[in-house]
Each structure stands twice: as C-alpha cells, then as structure tokens.
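Visitor: Chains A and B are the protein sequences, given in the same order.
This note's numbering numbers the first residue of the first sequence as 26 and each following residue consecutively.
This note's numbering numbers the first residue of the second sequence as 26 and each following residue consecutively.
Where is the CB? At the ideal position from N, CA and C, for every residue including glycine.
Protein chains: 2
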Amino acid sequence: MSEELTVVAVDAMGGDNAPGELVKGAVNAVKDEDNIKVILVGKEDAIKKELGKYEYDENKIEIRNATEIIATDEVPTIAVRRKKDSSLVVAMKMVKQGEADAVVSAGSSGAILVGGQAIVGRIKGIDRPPLAPLIPTSDGVALLIDCGANVDARSSHLVQFAQLGSIYMEYVMGVKNPRVGLLNIGAEEEKGNSLTKETYPLLKELDNINFIGNIEAREIPEGAADVIVCDAFAGNCILKFYEGVGNMLKAKLTSVYKKSAKNGMGYLMVKKDLNKTLKAFKTDEYGGAPLLGLNGLVVKTHGSAKAVEVCTSIKQCVTFKQQHIKDRVTEHIAVK
Amino acid sequence: MSEELTVVAVDAMGGDNAPGELVKGAVNAVKDEDNIKVILVGKEDAIKKELGKYEYDENKIEIRNATEIIATDEVPTIAVRRKKDSSLVVAMKMVKQGEADAVVSAGSSGAILVGGQAIVGRIKGIDRPPLAPLIPTSDGVALLIDCGANVDARSSHLVQFAQLGSIYMEYVMGVKNPRVGLLNIGAEEEKGNSLTKETYPLLKELDNINFIGNIEAREIPEGAADVIVCDAFAGNCILKFYEGVGNMLKAKLTSVYKKSAKNGMGYLMVKKDLNKTLKAFKTDEYGGAPLLGLNGLVVKTHGSAKAVEVCTSIKQCVTFKQQHIKDRVTEHIAVK
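1. In whole angstroms, what is the alpha-carbon distance linking A:M26 and A:G77?
2. Would you please verify whether the beta carbon of A:P246 is less than 8 Å from any beta carbon of chain B?
3. Determine the chain B residues that contact A:Y282 at a beta-carbon separation under 8 Å, and present them in chain order.
4. State yes or no: is the C-beta of A:K304 within less than 8 Å of the C-beta of A:A314?
5. Exposed or buried, B:Q341, counting other C-beta atoms within 10 Å across all chains shown (16 or more means buried)?
6. Could you work out which residues of chain B lie near A:S219, taking near to mean beta carbons separated by less than 9 Å?
7. Does the segment 48-65 of chain B come close enough to the segment 332-340 of chain B to have 3 or more Cβ pairs within less than 8 Å?
8. Secondary structure at B:M26, three-state DSSP: helix, strand or coil?
9. Would you decide whether B:E268 is buried or exposed? Buried here means 16 or more other CB atoms lie within 10 Å of its CB.
10. Figure out for me which residue from B:P44, B:I237, B:P226 and B:V200 has the closest Cα to the Cα of B:L113.
11. With 8 Å as the threshold, decide whether the Cβ of B:A259 is near any Cβ in chain A.
12. Which class does A:D256 belong to by DSSP, given the choice of helix, strand or coil?
13. Considering only residues of the segment 41-89 of chain A, which uninterrupted beta strand (DSSP E) runs meet the minimum length of 3 residues and lie entirely inside it, listed in chain order?
14. Can you pull the chain A residues whose beta carbon is under 7 Å from the beta carbon of B:A242, in chain order?
15. What in chain B is Cβ-close to A:L274, meaning under 7 Å?
16. I believe B:N175 touches B:R153 by the beta-carbon criterion, under 8 Å. Please report the beta-carbon distance rounded to the nearest angstrom.
17. Could you check what DSSP says for B:K325 in three-state terms: helix, strand or coil?
18. Just mark A:K351 as buried or exposed, buried being the case when its beta carbon has 16 or more other beta carbons within 10 Å.
19. For B:N202, which of B:Q122, B:D164 and B:A250 has the nearest alpha-carbon?
20. Would you say A:G291 lies against chain B (beta-carbon separation less than 8 Å)?
21. May I have a chain-ordered list of the beta strand (DSSP E) segments no shorter than 3 residues that lie completely inside the segment 193-280 of chain B?
22. Going by DSSP, what residues sit across from B:P155 in a beta bridge?
23. Give a yes or no on whether 8 Å exceeds the smallest Cβ distance from B:M26 to chain A.
24. Can you name the residues of chain A whose CB is closer than 7 Å to the CB of B:A152?
25. Can you check whether the C-beta of B:I237 is within less than 8 Å of a C-beta belonging to chain A?
26. When you compare only the Cα positions, how much space is there between A:K49 and A:R106?
27. Taking C-beta to C-beta, are B:E247 and B:T162 nearer than 8 Å?
28. Thinking C-beta only, is B:L159 closer than 8 Å to B:G173?
29. Taking C-alpha atoms, which residue in B:V32, B:A259 and B:V295 lies nearest to A:S285?
30. Taking the straight line between their C-alpha atoms, what separation do you get for A:R243 and B:I137?
31. Thinking just about the alpha-carbon of each residue, which of A:G211, A:K265 and A:M117 is nearest to the one in A:L322?
32. Consider the Cβ of B:I210: report whether some Cβ of chain A lies at a distance smaller than 8 Å.
33. Using the beta-carbon of each residue, which ones in chain A are nearer than 7 Å to B:K287?
34. Just confirm the distance between the C-beta atoms of B:A125 and B:V197, as a whole number of angstroms; I'd bet it's less than 8 Å.
35. Quickly, what does DSSP pair B:A127 with across the bridge? List them, please.
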C-alpha cells in the first residue's frame, strides 16, 4: 500500500485564491482518489480554518506549517533563496527529501521554475526542465513544450523537450504513440530559423518518438500534433495569444448579444451549447502544467485556479507516480 | 498632374484567383481613385479577356505582356533568377526602372520577398526589409512587423522595423503618434530572450518613435499597440495562429448552431451582427502587407485575395506615394 501511495505537497498559500480554493481542491482530490495523501503547506491557522469547512478522511490530509509567502512580484531567484520558510520552498524541499512525490502550486511562475531546478533538482542528464501546459484543440488537447524559462533554447534542449513531452502525453494523458511536431513557419524541413533548422534533423533521427515534422501555428487549433515542441519564447507567445484571442472573442460575442433584444433572445436559445464551446478557449481548464525532467513532479496551476483545477492537478500527480514517469525519463533520455 | 500620378504594376498572374480577381480589383481601383494608373502585368490574352467584362477609363489601365508565371511551390531564389519574363519579375523591374511606383502581388510570398530585395532594391541604410501585415484588434488594426524573411533578426534590425512601422502607421494608416510595442513574454525591461533584452534599451533611446515598452501576446487583441515589433519567426507564429484560431472558432460556432433546431433559430436571430463580428478575425481583410524599406512599395496580398482586397491594396499605394514614405524613411532612418 505505501508503495502505491502518492504524496502531494500542495503550496496552500500560492495564487489568487489561496488558501481557500487550494484547500477545497485538496479535499476533493482525496475524496476522488484512494492512494493519495495531500500535505497542505502554509500558514497553519489559515489552512485549519479552511479545512474546518469540510468533512474528509483525516489520514489523507496533513498540514505542514510554513510562515512565509512568495509574492508574484518578487524576483524569483532572490525570493527562493531568502524565503526558506515559504510555503513553496518548504513544499519543494519535501520532494527533495523524499517526504513527497510531487508539488502543486498556483504561485509565482518564476519562483516555481527556479525552485524546481534549484530545490527539487534535475534528473541526471536533463539539461533544462521545460514547463508544458496542455492547450485546447478542436477535439482535445495538445502539450505545448516549452512555456517555461528556456527562451534561448538550443537544439539539444528541444530534442529533450520532444522526448519528455512524448512520455508525458503517452503515459500520463494516455495518448497512444503521440504525434510530436516541431513548431515552425513552414512545412518543409529546410524552413524556419537557425534553431528549427538545426533541430529538425535531430528529431528525425530519434527512434523513441513519433516525429511528424514541422507544424505551423495555424495547425495547432486543428489538433495537428499531440506534442508541440518549441523554445519558451515562441511557446509563451502562443499560450498568451490564445488567452488574449479568447478574451477578445468573449467580449465581441457579448457585445453582439447585447446589441438588440432580438440578439439577446437568440443568445438565450444557444446559451448552453455556446458556453460549452467557448470553454474550449480556456487554456487553464486542463489542470496544471507539469515542469518536466525533475526528481519529482512539480505542477504549476494557473494563478487564478479554482478548486476544480487544483483537484485535477493533484490527481495528475498520482498518474505520474503510478506510471513511473521518472524511471521512463531516465531510461529513455538521460541515460543515452 | 503627372507628378501626382501613382503608377501601380499589378502582378495579374499571381494568387489563387488570378487573373480574374486581380483584373476586377484593378478596374475598381481606377474607378475609386483619380490620380492612379494600373499596369496589369501577365499573359496579355488572359488579361484582355477579363478586362473585356468591364467598362473603365482606358487611359488608366494598361497591359504589359509577360509570358511566365512563378508558382508557389517553386524555390523563390531560383524562380526569380530564372523566370525573367514572369509577371512578378517584370512588374518589379518596372519599379526599379521608374516606370511604376509600386507592385501589388498575390503570388508566392517567398518570391515577393526575394524579388523585392533583389530587383526593387533596398533603400540605402536599410538592412533587412520587413513584411508588415495589419492584423485585427478589438477596435481597429495593428501592424505586425516582421512577418517576412528575417527569422534570425538582430536587435539593429528590430530597431529599423520599429521606425519603418511607425512611419507606415502614421502616414499611410493615419494613426497619430503610433504606439510602438516590443513583442515579449513579460512587461518588465529585463524580461525576454537575448534578442528582446538587447533590443529594449535601443528602442527606449530612439526619439523618433513612441515606444511604449514590451507588450505580451495576450495584449495584442486588446489593441495595446499600433506597431508590434518582433522577428519574423514570432511574427509568423502569431499571424498564422490567429488564422488557425479563427478557423477553429468558426467551425465550433457552426457546430453549435447546427446542433439543434432551437440553436439554428437562435443563429438566424443574431446572424447579421455575428458575421460582422467574426469578420474581425479575418487577417486578410485589410488590404495587403507592405514590404517596407525598398526603393518603391511592394504590397503582398493574400494568395486567396478577392477583388475587394486587391482594390484596397492598390489604393494603399497611392497614399504611400502621396505621403512620400520613401523620403521620410530616408530622412528618419537611413541617413542616421
């Protein structure tokens, strides 16, 4: 039993809705999953107060006191180094020391990236751990890897991103033989900038991924690839632009429906199905973005995550552990 | 009179709808504008046949025979060098030789970029002519510069893009004191990759543009900047992704409205206003993308452009000439 148990340290103080939604998400997660234990890290009093609102199995939730909080406007490297008793740093140390398998945080992205590398640590052989959010496509999701810190990535980094992303999609998301595409500005091998031109032949040579060649940004929403490999500058541009277009769209549709009483009635008739469709544009609906290639899983959820996303993020960690992702990474990539 | 006349050479054989829509667009343009003359370049018989369908002022449209056509799947450098009697090359030579002020083409993007530099030629002091499409925002348009060939741009190139874009938006599009933003993955000066970090201080120093700092991709649809400066890899990703999201959106909405008879009725009620709104997602609605910094204007319209976009592209050239854009560029940038 203890072998199968996944222990998730949740940074209960990070994000816009901390600690309330973090605690609620944890309570829901331990109700849904059997082999899980959540350790809520942060100010004990605040967490206890929130926990008091729910009934739950007390063997499955613990509190670990941490007195400091890292704010989103702090310089990540300094904050992680100095705030040794912050909820994020304490949670990450638990992974390093083997007390937890994974960390879930809705806090500062920069601090999560820095802490992941500096505290949790990289798997031997992994050069640059990428952050890989799932983004919606017309009929599913795709992993956009990297959206983290590797803005001046080299081709050797992209090769590792491709392999890490492929393992994640196959074993955590259950996509068989995931299609790996290189984000580029043309379909042909010789297209692109120096980075993509250098990366293409390296990806083509790999025998442990299903490389389908270049994919253009136009094809992303169609679901042309399961894993989209890029440097973090391009990845962040795509991710943020998706969010911006979604917001613009919602505002535009609202203005249409408010324009006249007739339009308003038209809206009422399609409301239910329309809102379901528009949800596809929410890039934060699919749980958290894993920071891959570390000695343990670090999952970053959106700063504005609610209990439902927190819960999904926590449960992601169970699959990650049960599928022995770290071992797979070591076997497939790092050892080579 | 002849001093004020703008002569536009139209590549009548380029694009999916050539020569029909190109000819029709030219006829409409000479009807709308007084001080314009269009030279339709391409296979004389085919052009004559199309022209025969319309009534127009014969002093304002000429045909220049060119027997070859550059296809979109040809290698641009080779095609431009070898096909000396292609409609695109002949049209560009007319600009070089002073017979025309501008070229409009819906043909191969690669050939337009190559021909622009090799045949029309750069203004002295301009290093890398950028291609700058207008993209829709929530309440207008923004110039995305560069979406051309400069995928491995240097900071000095981005500085010129910023200046060229600012001049274009101010004098051709009539935006007063256009806000110039650097596409980046964070708001602060120190954010980004090595290119944006190097470019930011250079833009800040310029006294001939209204630099507003970094803008994130999320802010583009809100209309946070009039000129968005980036390398062509990022620019093309944004441009193509916009197109892809627009297509996805349209497909999703159609599926909502087809889902039930009730939804279908709801659609009929909002149809008119909704379609007007969705047009905002069409990145090819705003005429053509200028290739800036050349000894004459080269405008690339979408490969699938119809007469209305061709007409807008041709009329753009008139403003370009009347506003003496080339002189302004020479004064503000090249001479420095």
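Guide: In short:
1. With a pLDDT of only 40 at A:M26, under 50, the local geometry of the prediction cannot be trusted, and no value is derived from it.
2. For A:P246, the answer is yes, since a Cβ of chain B falls inside 8 Å of its Cβ.
3. V295
4. For A:K304 and A:A314, no; Cβs fall outside 8 Å.
5. It is buried - the Cβ of B:Q341 has at least 16 other Cβ atoms within 10 Å.
6. V176 and D177
7. yes
8. Note that B:M26 scores a pLDDT of 40, beneath 50, so its modelled location is shaky; the value from the coordinates is reported in the next line. Looking at B:M26 - three-state DSSP - the assignment turns out to be coil, as it is neither helix nor strand.
9. buried
10. B:P44
11. Yes, because at least one Cβ of chain A sits closer than 8 Å to the Cβ of B:A259.
12. Reduced to three states, the DSSP call for A:D256 is coil.
13. 61-67
14. Neighbours of B:A242 on chain A, chain order: C262, K265, F266 and G269.
15. L274
16. With 8 Å as the limit, B:N175 and B:R153 qualify as a contact, their Cβ atoms being about 5 Å apart.
17. strand
18. buried
19. For the options B:Q122, B:D164 and B:A250, the alpha carbon positioned closest to that of B:N202 is the one of B:A250.
20. yes
21. 204-209, 235-241 and 252-254
22. Looking at the DSSP assignment, B:P155 forms no beta bridge with any residue, so it has no partner.
23. For B:M26, the pLDDT reaches just 40, beneath the cut-off of 50, and the residue's location in the model is therefore unreliable, although a value from the coordinates is still provided. No, B:M26 lies away from the interface with chain A (no Cβ there is under 8 Å from its Cβ).
24. At residue 152 of chain B the sequence reads Asp, which differs from the Ala that was named. Those do not exist, as B:D152 stays about 17 Å from chain A at its closest Cβ, beyond 7 Å.
25. no
26. 29 Å
27. In this structure, B:E247 lies near B:T162, with their beta-carbon atoms less than 8 Å apart.
28. no
29. A check of alpha carbon separations from A:S285 across B:V32, B:A259 and B:V295 identifies B:V295 as the nearest.
30. 21 Å
31. A:M117
32. yes
33. Here the neighbours are M294.
34. With a Cβ gap of about 18 Å, B:A125 and B:V197 do not count as contacting.
35. B:V33 and B:L322
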